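Here the protein sequences line up with chains A and B, keeping their order. Per my numbering, residue 4 is the first one in the first sequence, and the count goes up by one each step. Per my numbering, residue 4 is the first one in the second sequence, and the count goes up by one each step. Just so you know, even glycine gets a beta-carbon here, dropped at the ideal spot from N, CA and C. Remember, it's a predicted structure, so these values are computed and weren't measured experimentally. Single-structure report; data block below.
Number of protein chains: 2
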Amino acid sequence: MFNIAVAQSGGPTAAINSSLAGVFCEALNSPEIDKIYGSINGIEGILKDELVDLKKILTTDYDIDLLMKTPSTVLGSCRFKLKSSAEDDSDYRKAAATFEKYGIKAFFYIGGNDSMDTVMKLDRWFKENNIDIKVVGVPKTIDNDVMATDHTPGFGSAAKYVATSMQEIIRDSRVYSIPSVTIVEIMGRDAGWLTASSCVLRANGEPAPHMIYLPEAEFSIEKFLDDIRTAQKKYKAVIIAVSEGIRFDDEKYLSSGFSSELTDAFGHKYLSGVGKYLEKIAGANIGCKVRSIELNVMQRCSSHIASLTDITEAKEIGAAAVKAALGGKSGVMMIFKRISNNPYRVEILSADIEGIANKEKFFPSEWINSKGNNVTVDALNYFLPLIQGEPKIEYKNGIPVHFRLNQ
Amino acid sequence: MFNIAVAQSGGPTAAINSSLAGVFCEALNSPEIDKIYGSINGIEGILKDELVDLKKILTTDYDIDLLMKTPSTVLGSCRFKLKSSAEDDSDYRKAAATFEKYGIKAFFYIGGNDSMDTVMKLDRWFKENNIDIKVVGVPKTIDNDVMATDHTPGFGSAAKYVATSMQEIIRDSRVYSIPSVTIVEIMGRDAGWLTASSCVLRANGEPAPHMIYLPEAEFSIEKFLDDIRTAQKKYKAVIIAVSEGIRFDDEKYLSSGFSSELTDAFGHKYLSGVGKYLEKIAGANIGCKVRSIELNVMQRCSSHIASLTDITEAKEIGAAAVKAALGGKSGVMMIFKRISNNPYRVEILSADIEGIANKEKFFPSEWINSKGNNVTVDALNYFLPLIQGEPKIEYKNGIPVHFRLNQ
């Protein structure tokens, strides 16, 4: 009998709580495991001794069901980067003390690339110091940019939201008799997966978005304006999907003039404004109505239009992490391996964290068309299975019911 | 036996096609009516002789069902203001010619305040010229600012989207351990109904949004910053709903410096940027993370999270318009009269268009709290019935299926 802890880190998604539910349910059903602790605000909760007893919080099947459909992180999150232990091992010793105090023998960290840095460093330090605590990563990010795994939990729901909203924006853009250009800005600082996923509308015969611009392709204003003029020959209402992270040829962020110049703990710039910027340029050069729309945080937290495939897989990969730790694994992240597209089948395996932490998986260049302004059918086939199915949402007073740890 | 025509005008909503379905189905079941024409791009289609035979387009119950759940206007829309007939009656004569050519004896115009101007003017001119064509308005607007009716079709669905997204944004805003301010900008140029409707979350015990700023209340930057500081004493993550149309005391648009200075055919300014503007001011004065989110056109076209009450009523009020015209009425708009809140009951009546066209119904000042930064429980009770129920959405390839007249 031993105890475990689980924490959530990085940006919110619609599926990160489902992975928490997966860890919890598997641990609950594992006779080896006694207490299941949740750490508040990611690793910060471990360092500050802020843990909650999840068995006292998640007491019914209804709680679990609700948790799986609640966006963002019920345990809170953080953007905390552990210092190198060679430089300063005080946080490592704090973590070890908390783990010892609560009898925690396995720690599960649900997060993206940056969070896997924490998994790697903790695991290394425990091994170096002969402390037997398993550390296992559970992937999550709407960016889908984590190495080794076919895709990440949270991505499918974000893609379903983007596709659904994009289709509604397309309807909205076609109402008037005058020509127009609509630019939809989609999240993705360095990787264009989510922007690229807007191609799924093609499966239902919808030709828009007519252009898709990704950080992985070269972008120039001149080509952008040419692309619009070409599309306008065929379409009255031209629809464009653009990643917030598109770059000029010189590799500088296009939007740098518009960003707030703030950076987070990992040195990432906070971006915003690519859509607005392109709107101004197109408006000045094309001579028709141009508007831009930023999908903003709704694309990462819209659980009311989540993908059932995503939510289900997110729970399964959380559960698999517990099994892996019980099987002796540590310093790994759980991954999806795609077996087939049709029928869609995945296996859940684990992969060494060293090849994952602090790395990014980019959208494949072979899935970008030769003009660099759209994606291929291979991309469509990759994305489609990930957005299938809809969780049954419970409504109270006409509003989806969320699980709430506290106000 | 005679023919009718129907058109859609003004900004898109999630319910305007449901009103079209209501007109169509009632006409189909009326033995007096033969052909049912749809006018492309509102009144423009009548003037340009661009009509479609709706019986050839809407051929099955499935078509009707899909149409009701498709956002925006399948017939297209316009922002066209008829000149005064005293000044220039050429468009009136064009309209009369089209009606005569197609044997159209009744015309149904689905739209907002401005569209009712067209209903009023056409009806007056027909009466003045002893032409027996009935003209009946069917209200629609997410702004809910149409006189004489308790509420407008399209509003309930927009309010349900706003409430659902606001709750998800609230979840998203609470993840980190640091204080933050989130400003959500909501549509409403002059009337604050939609922004006010974000209060519905209270029905489920959610205290946010902590402040609600409407065009109908006085607004000052100083008070705004004070309100934030007061809210921060109680809440780590302060959430603010703000209407795009809030004004300084001097009645000038707050965001005038940020608007594009463009105006539409009715002289309305295109607004944008109130949220961004307040974000900058709060960021500079409050000293914590501040972000703004614009819900943009998604709030008017998100049929995937439409209100079933709204969609159902939108169809019923369209059907009632046909009955009214058959009963000899013209120069009227159909209205909802609320009989009771609990159980929710409405009657559909008609009202003289003269008291409606070009007027605006503002959010009642008695429903605004004394501080001018939130709304009362009367507002909550008014809004709640309008967002109840969810239409069953059909998905294909994981994406909602829309009815499409053409690409």
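Where do the N-terminal and C-terminal ends of the alpha helix (DSSP H) with residue i fall, by residue?
i, result
"V26/A", "19-31"
"E47/B", "46-50"
"N384/A", "380-386"
"D229/A", "224-235"
"L197/B", "196-199"
To the nearest angstrom, how far is the alpha carbon of residue i from that of residue j?
i, j, result
"K364/A", "V165/A", "20 Å"
"I136/B", "F129/B", "7 Å"
"Q188/B", "M214/B", "Note on residue identity: the sequence assigns Glu, not Gln, to residue 188/B. Rounded to the nearest angstrom, the two C-alpha atoms are 12 Å apart."
"D52/A", "S368/B", "49 Å"
"L70/A", "S333/B", "54 Å"
"D148/A", "N116/A", "8 Å"
"R490/A", "V141/A", "No information on residue 490/A is available, as it lies outside the stretch 4 to 410 that chain A covers here."
"S200/A", "H154/B", "38 Å"
"M336/B", "K318/B", "15 Å"
"D91/B", "H307/A", "51 Å"
"S180/A", "G79/B", "7 Å"
"E297/B", "T16/A", "19 Å"
"S176/A", "G13/B", "13 Å"
"A99/B", "V293/B", "56 Å"
"N384/B", "N400/A", "11 Å"
"V277/A", "V300/A", "15 Å"
"G286/B", "S305/A", "26 Å"
"I289/A", "R232/A", "8 Å"
"I134/B", "E35/B", "19 Å"
"S75/A", "D68/A", "15 Å"
Whole-angstrom Cβ separation of residue i and residue j, contact assumed at under 8 Å?
i, j, result
"G195/B", "E219/B", "5 Å"
"T312/A", "Q391/A", "5 Å"
"I249/A", "Y216/A", "5 Å"
"E221/A", "G375/A", "6 Å"
"P156/A", "I320/A", "6 Å"
"F27/B", "L57/B", "6 Å"
"P388/A", "N344/A", "6 Å"
Helix, strand or coil, according to DSSP, for residue i in the structure here?
i, result
"K395/B", "coil"
"E357/B", "helix"
"A206/A", "helix"
"V347/A", "Reading off the sequence shown, one finds Tyr at residue 347/A, where the question assumed Val. Residue state, collapsed to three classes: strand."
"Y105/B", "coil"
"D313/A", "helix"
"K143/A", "coil"
"T62/A", "coil"
"K163/A", "helix"
"V300/A", "coil"
"P367/B", "coil"
"K38/B", "strand"
"I249/A", "coil"
"Y95/A", "helix"
"K318/B", "helix"
"F339/B", "strand"
"D175/A", "helix"
"L2/B", "Missing from the structure shown is residue 2/B; chain B here goes from 4 to 410 and no further."
"L70/A", "helix"
Please return the same chain residues whose Cβ sits closer than 6 Å to the Cβ of residue i, not counting the five positions on each side in sequence.
i, result
"E397/B", "V404"
"T101/B", "I49, D52"
"S310/B", "G159, S160, K163, I390"
"A8/A", "Y40, S42, I107, F110"
"A328/A", "A109, K137, V139"
So residue i is in the beta strand (DSSP E); what residue range does that whole segment cover?
i, result
"E297/B", "292-297"
"G286/A", "Looking at the DSSP string, G286/A is not in any beta strand (DSSP E); the run it does join, the alpha helix (DSSP H), is 277-289."
"T185/A", "183-189"
"S246/A", "240-246"
"V122/B", "Note, V122/B: premise wrong, no beta strand (DSSP E); alpha helix (DSSP H) at 116-131."
"F5/B", "5-11"
"I215/B", "214-216"
"F55/A", "According to the sequence displayed, residue 55/A carries Val and not Phe. Segment 54-56, the beta strand (DSSP E) holding V55/A."
Might you give, ordered along the chain, the residues of its own chain that have their beta carbon closer than 7 Å to the beta carbon of residue i, omitting 5 neighbours on each side?
i, result
"D94/B", "L50, L85, K86"
"G191/B", "D146, L197, T198, P218, S246, E247, G248"
Residues in the same chain with beta-carbon distance under 8 Å from residue i, minus the five sequence neighbours each way, listed in chain order, please.
i, result
"D66/A", "I60, F406"
"L228/B", "I284, A285, N288, I289"
Say yes only if the C-beta of residue i is nearer than 7 Å to one or more non-hydrogen atoms of the ligand COA, and no if none qualify.
i, result
"Y40/B", "In terms of ligand content, the structure shown is empty, and the ligand COA therefore cannot be addressed."
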